[in-house]
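Throughout the sequence shown, residue numbering follows this note's numbering, covering 229 to 376 in sequence. Using N, Cα and C, we set each Cβ at its ideal position, and we do this for glycine too. Predicted model, so just to flag it, every value in this text is computed and none were measured. Data first, discussion second: the structure below is written as structure tokens.
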Amino acid sequence: MDAIVSIGHKPIVERVAVATGRLSMSLESKTAIINKQIQKGDVLEASTVAAIQAAKETPRAIPHCHPIPLESCSVEWTWDENELICTVAVSAHWKTGVEMEALHSVSVGLLCVLDMVKSIEKDEQGQYPKTQIHGIRVVEKKKSNGHV
């Protein structure tokens, strides 16, 4: 039977999840992001907003996810050579985990970056040979033992 899994019997406890992912890109795109020379605007600012919004909208995109009253969502951007790393931490006090919210947030944040630099990333044939989103995963998941 297709259904959302019942969580009615579960206690409300603190839930935390951290996810990360990477976007490989050209040096030209990296430089343009750092120097805020992207025509569409500030890439990291826009992508942070997109990532936060994605965390809040996870059940709309992933049908079997429960709506969760999130308490926090922090987005961090770091560089590893020509790879932009997005790390998102999400927390809530609820009956089910927030790892899908963290993963969805990272994915959409990186997609927003890609959308904003794709004009630079295209080669002569209109392809993206240096551009790749990869390594999206849950880094940490925590669940408190006590009832709230």
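In chain order, what residues of the same chain lie with their CB nearer than 7 Å to the CB of residue i, ignoring the 5 residues before and after it?
i, result
"residue 284", "298"
With distance defined between alpha-carbon atoms, name the residue in the options nearest to residue i.
i, options, result
"residue 234", "249, 266, 245 and 294", "294"
"residue 276", "333, 239 and 245", "333"
"residue 236", "324, 264 and 243", "324"
"residue 345", "241, 281, 272 and 243", "272"
"residue 363", "312, 303 and 373", "312"
"residue 287", "352, 370 and 327", "327"
Within a Cβ cutoff of 6 Å, which residues of the same chain sit near residue i, ignoring the five residues on either side of it in sequence?
i, result
"residue 359", "253 and 349"
"residue 278", "336, 337 and 340"
"residue 280", "301"
Does the beta-carbon distance from residue i to residue j come in below 7 Å?
i, j, result
"residue 342", "residue 249", "no"
"residue 317", "residue 246", "yes"
Which partner residues of residue i appear in the DSSP bridge assignment?
i, result
"residue 252", "311 and 360"
"residue 371", "243"
"residue 366", "247"
If we require 4 or more residues per run, which alpha helix (DSSP H) segments fall completely within the region 276 to 334?
If we require 4 residues or more, the alpha helix (DSSP H) runs fully inside the region 276 to 334 come out as 286 to 289.
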